[in-house]
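If you read the sequences in order, they're chains A and B. Per this note's numbering: the first sequence = residues 1272 to 1567. Per this note's numbering: the second sequence = residues 1272 to 1567. Below is one structure, written out as structure tokens, with a few remarks after it.
2 protein chains.
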Amino acid sequence: MPSSIAAELVAVIVSVDEESPRVLASGAPAALPHGPLEPQHRSLQAGLRAWTREREGVELGFVEQLYTFADVGRSGRKGRTVAISYLGLTRAQGESGWVDVYDLLPWEDARDGVPALASQLGETLVGWAGRDGERLERTEHAFGLGDWAWRPELVLQRYELLWEAGLVAEHGAGSTPSSSTAPATGPAMLHDHRRILATGLARLRSTIQYRPVIFELMPPDFTLGQLQATVEALAGQRVHKQNFRRTVQDQLGLVEPTGETDRSTGGRPAALYRFRSEVHAERRHVGTKFPRPRTR
Amino acid sequence: MPSSIAAELVAVIVSVDEESPRVLASGAPAALPHGPLEPQHRSLQAGLRAWTREREGVELGFVEQLYTFADVGRSGRKGRTVAISYLGLTRAQGESGWVDVYDLLPWEDARDGVPALASQLGETLVGWAGRDGERLERTEHAFGLGDWAWRPELVLQRYELLWEAGLVAEHGAGSTPSSSTAPATGPAMLHDHRRILATGLARLRSTIQYRPVIFELMPPDFTLGQLQATVEALAGQRVHKQNFRRTVQDQLGLVEPTGETDRSTGGRPAALYRFRSEVHAERRHVGTKFPRPRTR
DNA sequence: ACAAAAGTGTTCGTCTTACACCCATGC
DNA sequence: GCATGGGTGTAAGACGAACACTTTTGT
């Protein structure tokens, strides 16, 4: 007979502010929206949507299950708490409650090259790894050292290395990083919420490469420049402009021009596009592949 | 405060018998290994390994969380049961308890072309979809109809369509498929275990394309022909021989010749290879991409 | 000899990345 | 005029798929 266990939902709700990705979080230490499973909802996804609408006033577009965390001691409570985490996307950029993702994971924004903080952390981890070949290889792989290129989607691998090395703070469990030697790695979040956030960002960065979920984050009408800026904000990486435009337009039928233009861009007016809603969910597997500039 | 809920683990444990993939299952209706979360295990993965070793006598290699099922009524029990499902790979081909995956999902083996059963089911689903454009497009996409190619990894999409149309039996919930018109779609499994199996096969077929987990299923020494047969058994699809060999060998450092040969192949003796264990887990992201023959 | 499977060399075409360049607007 | 971002054509190259062919065994 199954054991009785405390179970909760934790949500990584993401929107984009043209410049940077934002996540719903509140309190001190910051906490992702979370709460118990409500028995009245037939499916978890439906429950999450209702719950986010009622409690946060946010209507979700794309929703995807992330991971179920159940390690003993993951919450402060004694005994085991199972957390089923979800990723949700919304274009509602409602006023308050949003936190810049890169304030919480400050080494993850590589739009202007790999940030100095990431390089410092990589070096620190190389020292931590010492003679341990596996640790060293994981570090070089995750942080783009040696022969490896920086790969934006390895968010979780980077976070887990930092956590193992005691370089990131987690509220409650574990010790504070030794602030003398180590660089500042951003604020702790409640329990393991920062790990859950890292899981969500990793998944999102992977997903936008092969499914056009990016449109869930855009306003109804947008320019290709805005679309590119949104992709770059999430990916934490620049993409090749000309090829990005082509890729999007060649995904025949995914977007269509509205006929209007946006003159506020500071240069030539940009044509506005909209996502073609006739495109059904399954057709959308074609994805928003984006060409990365060959850095290195 | 989190609600108290019944929680269990369900495992999709896979091995390959050169000819066909096998999964651990037992009983009537067949059930995947499952049981309550044991409070003594710190992490779920560790728990699953210990649990599989003790109860099934199987030592797992690769382990990965699949999905957490929590729909009301998914188990026979009243109220909600949360099932955290895992995929595990092993080379231990121990005697009993193994069931051929394609006995349970008989439309999924496309090694000799898309099976007649899959085509029949596709046609039946087209009828079921009727004027519903989204259903029709999902069906054509999942079953490789119209302009779409058959994609082996869409296991779950196919299963869910069949389930929605009432064409697969699930034990307890739902009705039996109307046996007069519909083709036979294999035996029911306990509760939603066949759906969980479909989730596992889908994940496995995706994973082998970009991570060399295939080696977890091979004996220590193997020929490239055996390796190819194993990939084909899982993928449910033939691959191009010459390019497969090259791809494997070009993944420099992934395999190395043992110097021995296997003369039992019926033709020219085949060189034996082994997986290079010096290759650490993180390096292994390079993957076992396999070239598919261009069918269509 | 011939069947059968192992193994090698090379061509062809597509898709990714990059480069070069023109266009339309505000200041 | 010139800075700024929008927008198009085309070439270099990597990679995937296919073809043609040789090698080594068992019967």
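Glycine residues also receive a C-beta, built at the ideal position from the N, C-alpha and C atoms.
Amino acids of chain A, ordered along the chain, whose beta-carbon sits closer than 9 Å to that of residue i
i                      : result
residue 1283 (chain B) : None at all; the shortest Cβ gap to chain A is about 15 Å.
Interface residues of chain A facing residue i [CB-CB closer than 7 Å]
i                      : result
residue 1343 (chain B) : 1313
residue 1338 (chain B) : 1336
Neighbour flag for residue i against chain A, beta carbons, 9 Å
i                      : result
residue 1567 (chain B) : With a pLDDT of 34 at residue 1567 (chain B), under the threshold of 50, the modelled position of that residue is not reliable, and the figure given next carries that caveat. Not an interface residue.
residue 1445 (chain B) : Only weak support exists for where residue 1445 (chain B) lies, its pLDDT of 49 falling under 50; the coordinates are left without a value.
residue 1467 (chain B) : no
Beta carbon of residue i nearer than 9 Å to that of residue j
i                      : j                      : result
residue 1333 (chain B) : residue 1463 (chain B) : no
residue 1302 (chain B) : residue 1352 (chain B) : no
residue 1298 (chain B) : residue 1461 (chain B) : yes
residue 1385 (chain A) : residue 1417 (chain A) : no
residue 1438 (chain A) : residue 1395 (chain A) : yes
residue 1382 (chain A) : residue 1504 (chain A) : yes
residue 1459 (chain B) : residue 1441 (chain B) : yes
residue 1361 (chain A) : residue 1488 (chain A) : yes
residue 1427 (chain B) : residue 1469 (chain B) : yes
residue 1279 (chain A) : residue 1307 (chain A) : yes
residue 1389 (chain A) : residue 1429 (chain A) : yes
residue 1543 (chain B) : residue 1524 (chain B) : no
residue 1372 (chain B) : residue 1484 (chain B) : no
residue 1476 (chain B) : residue 1376 (chain B) : no
residue 1284 (chain A) : residue 1337 (chain A) : no
residue 1467 (chain B) : residue 1502 (chain B) : no
residue 1296 (chain A) : residue 1309 (chain A) : no
residue 1379 (chain B) : residue 1474 (chain B) : no
residue 1516 (chain A) : residue 1499 (chain A) : yes
residue 1393 (chain B) : residue 1411 (chain B) : yes
residue 1288 (chain A) : residue 1421 (chain A) : no
residue 1526 (chain B) : residue 1539 (chain B) : no
residue 1286 (chain A) : residue 1364 (chain A) : yes
residue 1312 (chain B) : residue 1519 (chain A) : no
residue 1327 (chain A) : residue 1304 (chain A) : yes
Minimum Cβ-Cβ distance from residue i to chain B less than 9 Å
i                      : result
residue 1451 (chain A) : With a pLDDT of 48 at residue 1451 (chain A), under the threshold of 50, the modelled position of that residue is not reliable, and no figure is offered here.
residue 1359 (chain A) : no
residue 1556 (chain A) : With a pLDDT of only 47 at residue 1556 (chain A), under the threshold of 50, the placement of this residue in the model should not be trusted; the figure read from the coordinates follows. Answer yes: the Cβ-Cβ gap between residue 1556 (chain A) and chain B drops below 9 Å somewhere.
Residue i Cβ short of 8 Å to the ligand SAM heavy atom set
i                      : result
residue 1361 (chain A) : The ligand SAM is absent from the structure shown, which contains no ligands of any kind.
Problem set entry | Touching by the beta-carbon criterion (3+ pairs, under 8 Å), the segment 1532-1540 of chain A and the segment 1503-1516 of chain A | no
For this session: Within the segment 1341-1372 of chain A, note down every full beta strand (DSSP E) run reaching 3 residues or more, in order along the chain.
Result: 1352-1360, 1369-1371
Exercise. With contact counted as at least three CB pairs below 8 Å, one residue from each stretch, are the segment 1350-1360 of chain A and the segment 1311-1322 of chain A in contact?
Worked result: yes
Exercise. Taking only runs of the alpha helix (DSSP H) that begin and end inside the segment 1402-1444 of chain A, which ones reach a length of at least 4 residues, in chain order?
Worked result: 1404-1414, 1426-1435
Problem set entry | Runs of beta strand (DSSP E) lying entirely within the segment 1449-1537 of chain B, each at least 3 residues, in chain order | 1492-1494, 1526-1533
For this session: At 3 residues or longer, and completely inside the segment 1287-1335 of chain A: list those beta strand (DSSP E) runs for me, N to C.
Result: 1292-1295, 1305-1307
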